[in-house]
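**Q** Under the numbering used here, the first residue of the sequence shown carries the number 144, and numbering increases by one thereafter.
A virtual CB, placed ideally from N, CA and C, is assigned to each residue, including glycine.
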Amino acid sequence: MAGRFLGCSVTGSSHIDGKIPCQDAWQVKKTAMGLVACVSDGAGSAQYSHLGSKQLIDKVCEALAQEKTIGESAIVSLKTAISEARKCVALQGEISDYHATLCGVATSHEGSLVFHIGDGIVIGINPEDWSDFIVSEPENGEFAETTYFFTLPDWQSHLRIMCAPERYKLWFLMSDGAASFAALTNPYRPTTNFLLPIHNYLASVDDATGRHALKNTLSDPRTNSITNDDKTLVWLLNE
């Protein structure tokens, strides 16, 4: 299955002011069945969360890139990869210093496998009908601005997995920073005045031009009036 993707992470203004590295990370890999994409958002309170987010998506994307279907084997590989990422960061220090969320999708001609820990949003859209979409919503904690991480002891109870029909060929993955202006809430749904123009533009230009435009969009000073957090947005289209 052919596919295109573009993604970008932009450091939030609060991190720039505090000389803190971007704690978001993203990755997309081509696979035998389609594409696998991951976005991870490191916790602002965790010292090495930028390393935790990167190591997590590396493990998950590498594992799912080896799978030939989105069935039970892929789910086992996903859980094993998260466990391996936990082991890796635990060897480097206190595991809570590497807190990070995870959202992702693995596509195939049979449909897509969506997986999610914590906040961030995954939106799958039927490109022929934008009113036909599926959303994996953020899971927030008991208190405001808290969520769940792959580094928590009970991470498996917060791993959400769902299968999406093949007609959802267009996907947006975003950290909560980007979601604050790129998605609508109550209920969660795509912003046709924001995501639709982005999709139409990215689908019509070459990758270099698209990357530049996506970075400029996420870096627009107007976004800082909405959020001072890191912002990551990944666009993925199965063709």
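Spatial neighbours of Q170 within its chain, please: CB distance less than 6 angstroms, with the 5 preceding and 5 following residues excluded, ordered by chain position.
**A** In the sequence shown, residue 170 corresponds to position 27, counting from 1. The answer, listed in chain order, is C181, I200, C204.
**Q** Near G236, which residues of its chain fall below 6 angstroms by C-beta distance, leaving aside the five closest residues on each side in sequence?
**A** In the sequence shown, the residue the question calls residue 236 occupies position 93. There are no such residues.
**Q** Can you give me the start and stop residues for the beta strand (DSSP E) that K162 sits inside?
**A** Reading the sequence shown from its first residue, position 19 is the one you call residue 162. Looking at the DSSP string, K162 is not in any beta strand (DSSP E), and its letter there is neither H nor E.
**Q** Tell me which residues share the same chain as T335 and place their Cβ nearer than 8 angstroms to its Cβ, disregarding the 5 neighbours each side in the sequence.
**A** Reading the sequence shown from its first residue, position 192 is the one you call residue 335. Only W273 meet the Cβ criterion.
**Q** Distance, Cα to Cα, F267 vs R310?
**A** Here residue 267 is taken as the residue at index 124 of the sequence shown, counted from 1. Here residue 310 is taken as the residue at index 167 of the sequence shown, counted from 1. Per the sequence shown, the amino acid found at residue 267 is Gly instead of Phe. Looking at the two C-alpha atoms, the distance is approximately 9 angstroms.
**Q** Which of helix, strand or coil does DSSP assign to S196?
**A** Position 53 of the sequence shown, counted from the first residue, corresponds to residue 196. Helix at S196.
**Q** Quick check: the Cα distance between V257 and S157, rounded to an integer number of angstroms?
**A** Here residue 257 is taken as the residue at index 114 of the sequence shown, counted from 1. Here residue 157 is taken as the residue at index 14 of the sequence shown, counted from 1. V257 and S157: Cα-Cα distance of roughly 30 angstroms.
**Q** Bridge partners for F292 per DSSP, in chain order?
**A** In the sequence shown, residue 292 corresponds to position 149, counting from 1. Bridge partners of F292: none, in fact.
**Q** Does G320 pass the burial test, meaning 16 or more other C-beta atoms within 10 Å, or should it be called exposed?
**A** What you label residue 320 is simply residue 177 of the sequence shown in a count that begins at 1. Burial call: buried.
**Q** Tell me the rounded alpha-carbon separation between W314 and W378.
**A** Here residue 314 corresponds to residue number 171 of the sequence shown, with the count starting at 1. Here residue 378 corresponds to residue number 235 of the sequence shown, with the count starting at 1. Each residue's Cα considered, the two are about 6 angstroms apart.
**Q** Does the distance from the C-beta atom of G185 to that of N367 stay below 9 angstroms?
**A** By one-based count along the sequence shown, residue 185 stands at place 42. By one-based count along the sequence shown, residue 367 stands at place 224. No. Outside cutoff.
**Q** Would you kindly report the start and end of the unbroken beta strand (DSSP E) that includes D275?
**A** Reading the sequence shown from its first residue, position 132 is the one you call residue 275. Here the beta strand (DSSP E) through D275 covers 272–279.
**Q** Please say whether L339 and A325 have beta carbons closer to each other than 9 angstroms?
**A** As a first step, residue 325 is located in the sequence shown; it is residue number 182 there, counting from the start. As a first step, residue 339 is located in the sequence shown; it is residue number 196 there, counting from the start. No, the pair does not count as a contact, with Cβ atoms beyond the cut-off.
**Q** Take S279 as the anchor and find which of V248, T290, K374, A189 has the nearest alpha-carbon.
**A** Residue mapping note: residue 279 aligns to position 136 of the sequence shown, counting from 1. Of V248, T290, K374, A189, the residue nearest in Cα terms is V248.
**Q** Taking just the CA atoms, how far does D363 sit from K197?
**A** Indexing the sequence shown from 1 puts residue 197 at position 54. Indexing the sequence shown from 1 puts residue 363 at position 220. Taking the straight line from one Cα to the other gives about 25 angstroms.
**Q** Measuring CB atoms only, is the stretch 339–350 touching the stretch 295–306, in the sense that at least three cross pairs come out at less than 8 angstroms?
**A** No, they do not touch.
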